[in-house]
Each structure stands twice: as C-alpha cells, then as structure tokens.
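S.K.:
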Amino acid sequence: MTQKILYIDLDNALVNVQSGIDRLTNAEYCRYENRLDEVPGIYARMEPLPGAIEAFCTLAKSFDTYILSTAPWANASAWQNKLEWVHEYLGAEAGTPAYQRLILSHHKHLNRGEFLVDDRSAIGADRFEGELIQFLTPDFPDWATVTRYLLERAGTEDDRAPRRLSHA
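The C-terminal residue of the sequence shown carries number 162 in our numbering, and the numbering is unbroken.
So this is what it looks like as structure tokens:
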C-alpha cells in the first residue's frame, strides 16, 4: 500500500517561534515591533517545540512526510534560515527524514495529501483538500496526541474526504 501524504508546518508546529522572539535584542524588538517575522535571522534563533523532532521522525516512517511552511515575503533570510533549521534538527544528508522534503509556499491548499498539521488555518490551510489537524488546540494539544492520532490512520484505506478537527 502506498503511504499517505502528510504535511507538517514549521512555525508553532515543529518550531517554537517564541524562542526566537525571546532571543531578540531590545533594539531589534523596537525596530521590528508588530512585524517580528521580518527580523533578519530570527528563524536561525528558534528551537524545536517539545516532542516535535521525535514525532516527525516517527511519522516519517509511516507516512510520505513533508514540511509545508511559509516564509515572510519581506524577509529573505527567513527562506534560508528555515532550510538551515531543517538541516540542523532533522538532518541535511540523503537518508535523513526531511531530506529534500521542505516546501515553502504561500498557497498551502495547492498541495495534495491526506493530512496537514498546522497551528493555523491561514495561507490556504483552511482550503487543504485533506484533513487539517490544527495543532495546539484542545483536540491536538501536543505531539504525543497528534502522533497517536495519525499512526492510528496510517494503515487505513485512503479516505480523502476533508475533515476539520479543532475547537479553535
């Protein structure tokens, strides 16, 4: 049986965005207030969320898994930093779970697959044809819950009917 396609967002799904914000200098914070995602190099300062790396590696064994994220249009360094983050935490060599599996898009709904794990329904996630699993909501508060939910569905017959499971 062909593995089902799973997409996982970076920001506030795999990556702890607040950890990068916490590392800003006062000058950077003041200069970029209300647009912190435009701080050059901010993504290079971010750490993984608890359980995220382990979950990605586990899920990559049962799904055709990709990272589907968006980079700020006005912050060219974010595009590079996101790739470097994936290299650092998930590996850069062939055979590592995220090797050549990073997709940066402002139109997430154009990707086909069964599941998308994302903390928001923006940037096309709300129009994704498969099932949107909204991370950090009451139904999916952490990676243990998401991993358990997805592994229960890894071996089932392909059901492409979209479902929305979130109380957010």
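Virtual Cβ for every residue (Gly too), placed ideally from N, Cα, C.
Ends of the beta strand (DSSP E) at Q128?
M.R.: Reading the sequence shown from its first residue, position 134 is the one you call residue 128. Note, Q128: beta strand (DSSP E), E125 to Q128.
S.K.: Quick test of your reading: A65 and K55, contact by CB under 8 Å. State the CB separation rounded to the nearest angstrom.
M.R.: In the sequence shown, counting from the first residue as 1, residue 65 sits at position 71. In the sequence shown, counting from the first residue as 1, residue 55 sits at position 61. Between K55 and A65 the Cβ distance is about 27 Å, and since that is not below 8 Å, they are no contact.
S.K.: Please list, in chain order, all residues of the same chain as T90 whose beta carbon is under 8 Å from its beta carbon, the five residues on each side excluded.
M.R.: Here residue 90 corresponds to residue number 96 of the sequence shown, with the count starting at 1. Here the set comprises L84.
S.K.: If you follow the beta strand (DSSP E) that I(-1) is in, where does it begin and where does it stop?
M.R.: Taking the sequence shown and counting its residues from 1, the one referred to as residue -1 is at position 5. Its beta strand (DSSP E) spans residues I(-1) to I2.
S.K.: Please report how far the alpha carbon of R121 lies from the alpha carbon of L30, in whole angstroms.
M.R.: Reading the sequence shown from its first residue, position 127 is the one you call residue 121. Reading the sequence shown from its first residue, position 36 is the one you call residue 30. In a straight line, the C-alpha of R121 is about 26 Å away from that of L30.
S.K.: Taking 8 Å as the cut-off, decide whether the C-beta atoms of N20 and D113 are in contact.
M.R.: The residue given as residue 20 occupies position 26 in the sequence shown. The residue given as residue 113 occupies position 119 in the sequence shown. In this structure, D113 does not lie closer than 8 Å to N20 by Cβ.
S.K.: Could you check what DSSP says for E41 in three-state terms: helix, strand or coil?
M.R.: In the sequence shown, counting from the first residue as 1, residue 41 sits at position 47. Reduced to three states, the DSSP call for E41 is strand.
S.K.: Measuring alpha carbon to alpha carbon, tell me which of I36, E32, A86 and Y143 ends up nearest L18.
M.R.: In the sequence shown, counting from the first residue as 1, residue 18 sits at position 24. Among I36, E32, A86 and Y143, the Cα nearest to that of L18 belongs to I36.
S.K.: By DSSP, does F109 sit in helix, in strand, or in coil?
M.R.: Working through the sequence shown from its first residue, we reach residue 109 at position 115. Strand, per DSSP.
S.K.: Could you give the first and the last residue of the continuous alpha helix (DSSP H) run that contains I15?
M.R.: Working through the sequence shown from its first residue, we reach residue 15 at position 21. V11 to I15 is the extent of the alpha helix (DSSP H) around I15.
S.K.: Taking 7 Å as the limit between beta carbons, can you name the residues of its chain near T141, skipping five residues before and five after?
M.R.: By 1-based counting over the sequence shown, the position of residue 141 is 147. These residues qualify, in order along the chain: A49, T52 and L53.
S.K.: Ends of the beta strand (DSSP E) at I61?
M.R.: Residue mapping note: residue 61 aligns to position 67 of the sequence shown, counting from 1. Where I61 is concerned, the enclosing beta strand (DSSP E) stretches over D58 to S63.
S.K.: Secondary structure at I97, three-state DSSP: helix, strand or coil?
M.R.: Here residue 97 corresponds to residue number 103 of the sequence shown, with the count starting at 1. Strand at I97.
S.K.: Look at the Cβ atom of W79, then the Cβ atom of V9, and state whether they are nearer than 8 Å.
M.R.: Along the sequence shown, read from residue 1 onward, the residue named residue 79 stands at position 85. Along the sequence shown, read from residue 1 onward, the residue named residue 9 stands at position 15. Cβ distance < 8 Å, so W79 and V9 count as in contact.
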